[in-house]
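Participant: In this note's numbering, the protein residues as written are 735 to 995. Where is the CB? At the ideal position from N, CA and C, for every residue including glycine. Sharing a structure, written as structure tokens. Questions coming.
Structure representation (structure tokens):
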């Protein structure tokens, strides 16, 4: 009986290890990246492009940026310029294309590194896998008579991609146990407006009103930003618990039958 029990436990550990490996692989496959930076749906991604080391004064430039519209959404008004402060731009958000150009008869100084453009995007719920955002010159010429485009070895460039994580505005969980409720209400973090979470504004006393909108009570349900799917961890835990209970029941039933005989 002891050997049989050890065999069952060994099998259980193998199943647990295999399930964990499958779960980790599944989560890894769902990872989202922009220019190598890990992102989540709803995050804001800011892309900046810098150029420097140009010995001749720059007469003008034309640049374009392409992005995947199933992954990223251009944030209105987020585009900005530094050295090309008189740049004209055209944004086709539906087609995932941004084009801008700038010309200066007096020239632009890019001997030291300066920012060419900055633009921000929102990571969409439809995002999958990885994508890139890149600024490329369509034309880039010095302020002289020839206006021959610079070669790549005549300047240096650098890209910076930063991610601002999206945070949900959720109400604090007050718990269902009376002791938990009492402990929270006597803590320093307690606020009276927390007691009216989910209550329409017209029914909230003036003394409990705040400037922020009243958030909804968090519920234990699938997150719509994950495509309506339940948490992978929760599913894994349920599977393991059910399996353990089944094995324990089988062992108990076997022992009971042997004693009965």
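(1) Alpha carbon to alpha carbon, how far is residue 830 from residue 869?
(2) Where DSSP assigns a beta bridge to residue 839, which residues make up the other side?
(3) Under 8 Å: do the segment 814-829 and the segment 859-878 share three or more Cβ pairs, one atom per stretch?
(4) So, residue 848 versus residue 779, is the Cβ gap smaller than 8 Å?
(5) Do you know offhand how far residue 790's Cα is from residue 774's?
(6) Run the CB neighbour count on residue 896, radius 10 Å, all protein chains shown included, and call it buried at 16 or more, exposed below.
(7) Below 6 Å CB to CB, which residues in the same chain sit around residue 892 once its five sequence neighbours on both sides are set aside?
(8) Determine contact between the segment 794-810 and the segment 852-862, defined as no fewer than three beta-carbon pairs at a distance below 8 Å.
(9) Mapping the DSSP letters down to three states, classify residue 802 as helix, strand or coil.
(10) Do residue 871 and residue 793 have their C-beta atoms within less than 8 Å of each other?
(11) In whole angstroms, what is the alpha-carbon distance linking residue 878 and residue 806?
(12) Output needed for residue 899: all residues of its chain with C-beta closer than 8 Å, excluding positions within five of it in sequence on either side, in chain order.
(13) Taking only the alpha-carbon atoms, compute the straight-line gap between residue 818 and residue 840 and give it to the nearest angstrom.
(14) If distances are taken between C-alpha atoms only, which option among 767, 804 and 846 comes closest to residue 890?
(15) Buried or exposed, going by whether 16 or more other CB atoms sit within 10 Å of the CB of residue 857?
(16) Can you give me the C-alpha to C-alpha distance between residue 827 and residue 808, rounded to a whole angstrom?
(17) Which class does residue 887 belong to by DSSP, given the choice of helix, strand or coil?
(18) Check for me: the beta strand (DSSP E) holding residue 868 runs from which residue to which?
(19) Taking only the alpha-carbon atoms, compute the straight-line gap between residue 765 and residue 771 and give it to the nearest angstrom.
(20) Between residue 787 and residue 811, what straight-line distance do the alpha-carbon atoms span, to the nearest angstrom?
Facilitator: The answer reads as follows:
(1) 13 Å
(2) Partner(s): none; residue 839 has no beta bridge.
(3) no
(4) no
(5) 42 Å
(6) exposed
(7) 784
(8) They touch, by the three-pair rule.
(9) It is coil, neither helix nor strand.
(10) no
(11) Straight-line Cα distance between these residues: approximately 39 Å.
(12) Setting aside the 5 residues that flank it on each side, residue 899 is surrounded in the same chain by 774 and 777, each with a C-beta closer than 8 Å to its C-beta; the list follows chain order.
(13) 12 Å
(14) 846
(15) Of the other Cβ atoms in all chains shown, 16 or more fall within 10 Å of the Cβ of residue 857; this residue is therefore buried.
(16) If I take the Cα positions, the gap works out to 6 Å.
(17) helix
(18) For residue 868, the enclosing beta strand (DSSP E) starts and ends at 868-876.
(19) Going by the C-alpha atoms only, they are around 10 Å apart.
(20) 29 Å
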